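Numbering (the working numbering), first residue to last: 5 to 1043.
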């Protein structure tokens, strides 16, 4: 008989219904509440016979009313979420029409948009949707409205069967129904479902089980009923109706009205289902209400609508199997299985037949991609919805289980990822869910796209008995949940209290079918609130330190303020805040706090340098300084006092990392026709251009790219694309590995390190953290020790690898200009380092390498690099976070440009040209490395540019009057520090640098470049930075 199990995967739904009714007419299809607003009952067992009678009645009714019909006409249905959704859907299918099921939660604008996209002319509805339907009709009077018969009308009389004789072969690719996407990032899009799409659900019964026999939980014999949510306008709910028809899943349909945990607990106790699909927040509510014993009676729970909190999930999974539900409208619900181990409840295991593969996205996240394989179309509906595709990118992000490769955890949507103005990214989904668990929060939305920092907008439950409660009081109540959420994200994704706002209660958040926030529309609706929260000062701590206080009271005050600022309760007096990942914004906020506190206590405006904060990053040290300054003690706050013993420290570190270098130089083996190169820091700006040139050298056989990030290859590809470089054939030459430079064997697996020792003959060490605020101690364990690890690699390598170290002019930054140009040689004088952690660490590393060359014969080249500028090509740009781009971008906003910049030499070299010079020097040193084991080159443009020659070029791009640097700086200093101002004036982040540079006068240090010029043709051809090249950089900054 048509529709029988022997045709599984090739059946049309009306045929399946006919088969089920003929075989089991009195068997329950679904248990339904007779009153959709009353969960206590009475309940009715709706049989297959009832369903067939209702479908046939409705099919005849449609034919009688919806005239002027042609095959494939679309009929919209907007009803109360009861079984009539399935009745209308099947009736339309039998009559040759197609059902469109829009969400009743849609706004009028969304309904209008979808009407135009879908093009339906008939709208069926139930009386409960009367007001919404009338609104639609007012805007679109040409559509025809049809009040749907009640369920009682549909089933009370016997009607003759409505004929349906279409075959699956004819109808497989014909349209069967339409729904729509959630519209999270824009207007929802219609999604089409063919009959073949629905057949994929049917075919899940044929999926290959796991090795231990686990399969899709709705397959096979069950011992009871399944509790299902009544969200039939969305595939996550509609699926249960399909399962009931295709696999006799006896479902209990929960009433549409939003239930509280008490009502749901009563249903679970009264109906005693075998399993359930529940929204995650309901599971949490039931747990907190003490209903875990009720949940424990279930065999398994499928959760949806977001993840469950870890603590609740861990507790519930010990009593009942949890399945983290996943699906997407275009592809459907995958064949997931019950996790093998209860502790893996937050992970999903999807049977391979569905075709989902994980492709690396960034960091430890992967995008789910459905690949068309030989049988994928039999199990996955996406290639019925999109028959022209060979792969479908879901835009869903997953993480992998640390040890079980078959398990993955859903982490959110790519569309949910927020990209801040500095390029940092984070996904706010889990944070929003944690915050929304507070009983006074309806919805939590984190924003920040294109902004300097994230902000939190809250839709709250207003207490009618306390309507005048202030927003600050509410924020204080909710703050512990925010701190909990902050633990789940990166430092740049954390919410600070001053960036939280309560939304206008008269403008509710717009929600999609799955009760998720439609971000784009909601952000538009609350634009004024969002702009307002960003216009506030970056940090305003409302509490005031009392005038009479002890050191311990100041410590307590600072600890509370820093915890508030960083959004964490994990701070102690001794916590190094740098270890928490604080960034430049946090430093500005801390500086503002200290400045405000000192002003309140002393009446004086005391500035604290950012470098001082980086060297005193604990609450204890900050409190001591604040206490001393308030007490009028002479406490040093300048950088100079912190580096008085720098020379001794440098000598100690040089000795520490050179005393174990073996003595007795060995011969360098003869050169081989091909080269294998280690390149560290390949994903950075200079590293990318060096890699690009290495890829073009026919003699380079292999490039080992060592980077600190786990997703370096993905970053490399994006970097090349941004710079207009060709990455097409890189995979043939490049191997990417995550390295930990300071660890033994660079933190690489034994097999990889062994491969390096056998093949590598050149090491280009370009990886270094660029942060001029950090002290020397910060650079030791990773960077200075990392240089020593590279010496080990060279010594252990078969080909005695040549180390090319990309150093900095900061390594000799304190050289006195009156001595003449800095010579191209190692200088064993610790006083010439510039005093900053960055430059000093480079100075120490140069000396380590020089000792390795003289004591052990390691071939070494030190490239002392000056200012790396923007590229000479149209693509790419000079990093906007650096001092010059920040100065120019800020000048446009202020309408002022400094007439002179005396503190920095204009000896710039474009980044792509710099890479060419480095490659020239590498080639030159191949010929001289045996005779000269250590050589130093200065990559600084001997043709300096005069700033005054560039000012007219700037003024041609935008209006800015030329002013003394001191005037420009005063204007910058007078700016109120808000996120909005920092985004517009990035020089505010470098205020400490500009302030300390203001006093630099006179002749600047020069670097001798004779050896470099002799070794590099590209260097010899350098000229000064031209106005035309500078104009190109301005264009790249969109100025």
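Every residue gets a Cβ at the ideal spot worked out from N, C-alpha and C, and that includes glycine. Bear in mind the structure is a predicted one, so any value in this text is a computation, not a measurement.
If you draw a straight line from the alpha carbon of residue i to that of residue j, how long is it in whole angstroms?
i            : j           : result
residue 345  : residue 219 : 15 Å
residue 456  : residue 986 : 7 Å
residue 134  : residue 84  : 10 Å
residue 671  : residue 861 : 8 Å
residue 703  : residue 729 : 20 Å
residue 1026 : residue 754 : 44 Å
residue 957  : residue 910 : 15 Å
residue 738  : residue 797 : 19 Å
residue 121  : residue 110 : 15 Å
residue 139  : residue 104 : 18 Å
residue 19   : residue 365 : 43 Å
residue 501  : residue 489 : 13 Å
residue 466  : residue 23  : 53 Å
residue 774  : residue 846 : 11 Å
residue 13   : residue 722 : 42 Å
residue 234  : residue 281 : 10 Å
residue 513  : residue 448 : 9 Å
residue 1035 : residue 964 : 15 Å
residue 429  : residue 592 : 20 Å
Assuming contact is defined by CB atoms lying nearer than 9 Å, are residue i and residue j in contact in what I supplied?
i            : j           : result
residue 623  : residue 559 : yes
residue 387  : residue 357 : no
residue 1011 : residue 813 : yes
residue 875  : residue 693 : yes
residue 179  : residue 129 : no
residue 25   : residue 62  : no
residue 312  : residue 287 : yes
residue 830  : residue 940 : yes
residue 255  : residue 271 : no
residue 402  : residue 359 : no
residue 808  : residue 867 : yes
residue 741  : residue 758 : no
residue 714  : residue 367 : yes
residue 1028 : residue 947 : yes
The beta strand (DSSP E) with residue i in it runs from where to where?
i           : result
residue 684 : 679–684
residue 407 : Segment: none, residue 407 is in no beta strand (DSSP E) and carries neither H nor E.
residue 902 : 900–902
residue 191 : Run containing residue 191: none; DSSP gives neither H nor E here.
residue 181 : 179–184
How close, in whole Å, do the beta carbons of residue i and residue j come, if the pair is a contact with beta carbons under 8 Å?
i           : j           : result
residue 503 : residue 537 : 6 Å
residue 209 : residue 148 : About 40 Å; that fails the 8 Å criterion.
residue 943 : residue 843 : 15 Å between Cβ atoms; not a contact.
residue 277 : residue 228 : 6 Å
residue 293 : residue 265 : 5 Å
residue 569 : residue 594 : 7 Å
residue 856 : residue 864 : 7 Å
Just to confirm the assignment, what range does the alpha helix (DSSP H) spanning residue i have?
i           : result
residue 782 : 780–783
residue 18  : 17–27
residue 291 : 284–292
residue 842 : 841–860
residue 528 : 523–529
residue 591 : 588–606
residue 88  : 88–99
residue 745 : It is not in any alpha helix (DSSP H) - residue 745 carries neither H nor E in the DSSP assignment.
residue 388 : 386–389
Taking the beta carbon of residue i as the centre, do at least 16 other beta carbons fall within 10 Å, making it buried, or is it exposed?
i           : result
residue 663 : exposed
residue 167 : exposed
residue 112 : exposed
residue 642 : Per-residue confidence for residue 642 stands at a pLDDT of 45, beneath the threshold of 50, marking its modelled position as unreliable; the derived number appears in the next sentence. Classification of residue 642: exposed, given that the 10 Å Cβ count is below 16.
residue 477 : exposed
residue 160 : exposed
residue 353 : buried
residue 652 : exposed
residue 912 : buried
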